[in-house]
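2 protein chains.
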Amino acid sequence: MDVEQGPRRRQRRKEARPSEIIDAGLSLFSEHGFAGTRLEDVAKRAGIAKGTVYLYFPSKEALFEAAVKERIVSNMDAMGQLVASFEGTTAELLRRFFETIYTHMMEGDAGILMRILIGEGARFPHLIELHRKIAMQRGLETMKAMLKRAEARGELRIPAEDIDPRMIVAPLALFAIAKDIFPRDSIGTREDFIRRHCDLMLNGMLAR
Amino acid sequence: MDVEQGPRRRQRRKEARPSEIIDAGLSLFSEHGFAGTRLEDVAKRAGIAKGTVYLYFPSKEALFEAAVKERIVSNMDAMGQLVASFEGTTAELLRRFFETIYTHMMEGDAGILMRILIGEGARFPHLIELHRKIAMQRGLETMKAMLKRAEARGELRIPAEDIDPRMIVAPLALFAIAKDIFPRDSIGTREDFIRRHCDLMLNGMLAR
DNA sequence: CGATTTAATGACTCTATGGTCATTAATAGC
DNA sequence: GCTATTAATGACCATAGAGTCATTAAATCG
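Protein chains in written order, with the working numbering: chain W, -4 to 203; chain V, -4 to 203.
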């Protein structure tokens, strides 16, 4: 309403702009990729003029970088917390872990950002590096901690070092990144997906 | 040599051009993404002038599409053949299956193409659709056949329908697509990777 | 209620590159 | 060897969109 015919255009809202611009950028990046997104459109969606974007971010790339920092790092920390404080079986921990990832990657923005990093990352070696250090490193640490914990509790079939943590999260990560290229039949409900994913990782396919 | 100071520039080689151009495009797309690749550079790498590219492909997008068709479809067929003709345990079949995928995605061009589809696919709804129909559909059929076969042999712990085939190949697919964003420590040798992947999918993590 | 500060604007510039096409020359046919 | 055909060329055009900046006006202050 305020936007439609509001008497006051040209509001001065220094504090609120950055995150509004990031939100607008994120939604357009996810629709059109990085190269395919026009700063003009980001501005329009944020309800401001193009020049205003440059008041807060020195370049398109800087805007993207701010989005990555804001949305991915906190997610990794959330997972670290979960593992550090959890008491219970590994099966239950893994389920909770997957739920957290699902929330951030499938329902939040982390999946979108990773998709863009993957597809257009060649353009931003700097960003890839940042992501590797800030996000990936932490995520893998957390998963290794989870495996060590399981090993210490005598729950593992094989030594913890023989399990590549990346394999465990691969299904969730892949779908978050690539759901568009899979046949459209849904991946089912959140609960269903997580249950199947857990079961496969914990017990495998084969009868014994 | 021939190129360096060769007496004959401007050779007429109608037959050889298309695949040479596709090769050049593929290598540049993988380095710079789709949007980041200049047709001028593709031409240079193929040893021809920019206009010549347009003699064989009507647009940049058409060139990319040709690459997808040529490199992905045949791969899917290779996997179908394998499953249809295999005799032996599911464990062994899965290993062979993974080897085939590894060859095409990690060592061949299929991974690169999928990475670009994912990252910049919003620009080519048509291409995503093509890929879904031509490649994904076949791949999933093949995997379902493999699961049904295992079920019929009494090797499965759970009904075949309860296993999402995409989860089984997710680790390989994810690494093929996203290896750049993971920490640089290698994923190990091909054999190692496949062995671990198989073992995890077949037997899971937990002691029983 | 002026005067001052600075957030916001959007018309403009400048570059990069996808795509065109008149010209050139390599081959084929005679 | 001459002519016709057409593959190959690269200078050129047109456009899009990132980034700039002189101007405008909202807030602040006295």
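The beta carbon of each residue, even a glycine, is placed where N, CA and C say it ideally should be.
- Message: Give me the chain V residues within the contact set of G116 of chain W, using Cβ-Cβ distance strictly less than 7 Å, ordered along the chain.
- Response: D175, I176
- Within 9 Å of chain V by C-beta, residues of the region 65 to 90 of chain W in sequence order: T85, A86, L89
- Query: Looking only at its own chain, which residues have a Cβ that is under 7 Å from the Cβ of R4 of chain W, when we skip the five neighbours before and after it?
  - Reply: none
- Item | Cβ shell of E230 of chain V (< 7 Å), same chain only, five flanking positions each side left out | Nothing can be reported for residue 230 of chain V, as the shown portion of chain V is limited to -4 through 203.
- Message: Which residues of the region 143 to 176 of chain V have a Cβ closer than 8 Å to any Cβ of chain W? Give them in chain order.
- Response: A145, G149, E150, L151, R152, I153, D157, I158, D159, R161, M162, I163, A165, P166, A168, L169, F170, I172, A173, D175, I176
- Task: Taking a Cβ distance cut-off of 8 Å, strictly less, list which residues of the region 111 to 140 of chain V are near chain W, in chain order.
- Result: I111, L112, I113, G114, E115, G116, A117, R118, I123, H126, R127, M131, Q132, L135
- Query: Out of curiosity, what's the CA-to-CA distance linking M100 of chain V and S80 of chain W?
  - Reply: 39 Å
- Quick one: complete alpha helix (DSSP H) runs, 4+ long, within the region 68 to 142 of chain W? 85 to 96, 105 to 115, 120 to 126
- Task: Determine whether the Cβ of R185 of chain V lies closer than 8 Å to any Cβ atom of chain W.
- Result: no
- Query: Quick one: Cα of A105 of chain W to Cα of I153 of chain V, how far?
  - Reply: 32 Å
- Limits of the alpha helix (DSSP H) - the one that M162 of chain V falls within: 160 to 173
- Environment of P178 of chain W [buried if 16+ CB atoms lie within 10 Å]: exposed
- Message: Check whether the region 167 to 177 of chain W and the region 110 to 127 of chain V are in contact - that is, three or more C-beta pairs closer than 8 Å.
- Response: yes
- Please say whether E94 of chain V and I172 of chain V have beta carbons closer to each other than 8 Å? no
- Using the beta-carbon count (16 or more within 10 Å), is P204 of chain W buried or exposed? Chain W is shown only over -4 to 203; residue 204 of chain W falls outside these bounds and no answer can be derived.
- Task: Determine, using beta carbons only, whether L197 of chain V comes closer than 8 Å to chain W.
- Result: yes
- Message: Pull the bridge partners of L151 of chain V from the DSSP assignment, please.
- Response: W:L201
- Task: Could you tell me which chain W residues have their CB closer than 7 Å to the CB of G28 of chain V, listed as they occur along the chain?
- Result: G114, E115, A117, R118
- Query: For G103 of chain V, which residues in chain W fall below 7 Å Cβ to Cβ?
  - Reply: Within chain W, no residue comes near G103 of chain V; the closest Cβ sits about 18 Å away, beyond 7 Å.
- Message: Against G31 of chain W, what residues of chain V qualify as contacts under a CB-to-CB distance less than 8 Å, listed in chain order?
- Response: A30, E115, A117, R118
- At a CB-CB cut-off below 8 Å, which residues of chain W make contact with A202 of chain V? G149, E150, L151, R152
- Message: Quick check: the region 157 to 166 of chain W against the region 132 to 146 of chain W, are at least 3 beta-carbon pairs closer than 8 Å?
- Response: yes
- Separation of T84 of chain V from C78 of chain V, as counted between CA atoms: The sequence given here has Val at residue 78 of chain V, not Cys. Computed Cα separation, rounded: 11 Å.
- Query: Nearest to I123 of chain W by CA position, among W:H192, W:P13, W:K45, W:V63, is which residue?
  - Reply: W:V63
- How about A57 of chain V and A30 of chain W: do their beta carbons lie closer than 8 Å? no
- Message: Would F52 of chain V and F24 of chain V be called neighbours here (beta carbons separated by less than 8 Å)?
- Response: no
- Does H99 of chain W come within less than 8 Å of chain V when only Cβ atoms are used? no
- Going straight from the alpha carbon of T32 of chain V to that of R127 of chain W, what length do you get? 24 Å
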